[in-house]
Each structure stands twice: as C-alpha cells, then as structure tokens.
Amino acid sequence: MLVIFTRPPTNEHQSSAAILDASPFSSPAPYVKKYFMAILKVSRLGHPVLRKVTENISTQELQSPEIQKFIDDMIETMKEYDGVGLAADQVHESKQVAVLEVADNPRYPDKAKVPLTVLVNPQITPLSDEMEEDWEGCLSIPDLRGRVPRYKTIHVQALDRSGNTLDFIANDFHARVIQHEFDHLNGKVYLDRMRDLTTLTFLQEFARYWLRP
Ligand code: NI
Numbered sequence: 026m027l028v029i030f031t032r033p034p035t036n037e038h039q040s041s042a043a044i045l046d047a048s049p050f051s052s053p054a055p056y057v058k059k060y061f062m063a064i065l066k067v068s069r070l071g072h073p074v075l076r077k078v079t080e081n082i083s084t085q086e087l088q089s090p091e092i093q094k095f096i097d098d099m100i101e102t103m104k105e106y107d108g109v110g111l112a113a114d115q116v117h118e119s120k121q122v123a124v125l126e127v128a129d130n131p132r133y134p135d136k137a138k139v140p141l142t143v144l145v146n147p148q149i150t151p152l153s154d155e156m157e158e159d160w161e162g163c164l165s166i167p168d169l170r171g172r173v174p175r176y177k178t179i180h181v182q183a184l185d186r187s188g189n190t191l192d193f194i195a196n197d198f199h200a201r202v203i204q205h206e207f208d209h210l211n212g213k214v215y216l217d218r219m220r221d222l223t224t225l226t227f228l229q230e231f232a233r234y235w236l237r238p
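Just so we're aligned: the sequence shown equals residues 26 to 238 in this note's numbering.
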C-alpha cells in the first residue's frame, strides 16, 4: 500500500479511498495521510485461492477502511485490465465481494451497458430454466475464450459497499457477468460450466476462425 504525507488542498472533496488521520504535525499546516488506489495482482488458474469458497463479510468488516480501500482497488484493477467483472479471490483475497461494470469495453464492444456495481455476500436464484450459450473469457485464464451456458434471468440479492440491501433481477449479459463472478466466489471458473471444451480457443484463433460471418 502506498502511503504518503501531503498537505490537504483547500476545498477538498474527500474520496472514500482517502483517510484522514490525526496530524502528527502542528497546526496551521495540517497534513493528511492519503492512501492512493492501487492496481492489484490478478491470480491465475492454478492458484489455490481461485478454488476456495470465499468468506462472508460482516457488516462491521464492510465498514472498515481496509475493505473500502480494497473495493476501490478492485474497481481500479477491473478497469485497468478491461474486465467487466472481478471477484476478490481473483486478486488473492478470499472474501465475498465482486465488482462489475459494462461500459465502453473493448473486450465486449457489443454488449448492453451495466452501471458500476459492488456485490457483497451475493446470492443468486435462477428465475427460469432457460439457458443461453455465449462466449466468456476470464482475467484469471488469460488469452482464452469459450462458450458457456448461463441462466438467462436471475434474481440477485446482496449488499452494496455501504451495507444497503440490493435486490434486483438481471437478464442476458448482465446475468451472465454476475453468474461468472458468483462462481468465482464459490471456487468455480467458467471452464467448469462449459458443456464441452471444443469451443475453447485462444484469442488470436478466436479472431481468425470464430468471428467470421
Ligand atoms: Ni473470471
């Protein structure tokens, strides 16, 4: 964690990533100890953390500056690697938290947008048996893609990063991303969900053989 001492700017908007400390220096030159967001190292397939069921986060733990900073770092890491979702165990923390956002993403250019969402202790329930197969990739399984069946519509219950209840229905790609991240939190990866491995392809071959009309 990078920690430096800096003078607080006037009119400062304090982000959730920044934590004010009692100044070790005398007034009128107060200093803040400021924590900057960090890009975290992504765990890759084979690391045991990806196969463990992650731990529930208590309300008290969720309020801690450490978890709030960690959530900021997860968001930063997801954006850095053009992911549409990231689970905590993908950055070596076995905790029940995942982040997702589908914006203008070069890896998924044709998908409907999903606002930035933090899911803590998520539970999902399929609302019908209807499943759909589509391509998935994973930051923990670099350079590969494969076709994965997922429920088309799911009911999602979770907490947000402030501890408020989230209760919503997700469809299609939104539902797919949440099922992918939910699986991570339960020690599973998308390869486990493929009906067979015949569509598993490297990205270069994906572009060459599978994207053609
Ligand atoms: Ni993944």
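Beta carbons: idealized from backbone N, C-alpha and C, even for Gly.
{"query": "Assigned secondary structure, I82 (DSSP; H/G/I helix, E/B strand, else coil)", "result": "coil"}
{"query": "With 16 other Cβ atoms within 10 Å as the buried cut-off, status of Y234", "result": "exposed"}
{"query": "Pair within 9 Å by beta-carbon distance, V145 and L111", "result": "no"}
{"query": "Same chain only: Cβ atoms within 8 Å of E80, ignoring 5 sequence neighbours per side", "result": "S119, K120, Q121"}
{"query": "Neighbourhood of H199 by C-beta distance below 6 Å, restricted to the same chain and skipping five residues each side", "result": "V139"}
{"query": "N- and C-terminal bounds of the beta strand (DSSP E) containing E118", "result": "Careful: E118 lies outside any beta strand (DSSP E) and carries neither H nor E."}
{"query": "Any 3 or more C-beta pairs closer than 8 Å across the region 169-184 and the region 147-161", "result": "yes"}
{"query": "Buried or exposed by the 16-neighbour rule on C-beta atoms within 10 Å, applied to D97", "result": "buried"}
{"query": "Nonlocal neighbours in the same chain, by C-beta distance under 6 Å from V173, ignoring five residues either side", "result": "E161, Y215, R218, M219"}
{"query": "Strand pairing of D192, partner residues [DSSP]", "result": "Q182"}
{"query": "Separation of L152 from E105, as counted between CA atoms", "result": "33 Å"}
{"query": "I179 vs Q204 beta-carbon contact at 9 Å", "result": "yes"}
{"query": "Inter-residue spacing [alpha-carbon to alpha-carbon] between Q88 and I100", "result": "17 Å"}
{"query": "D197 and E230 closer than 9 Å at C-beta", "result": "no"}
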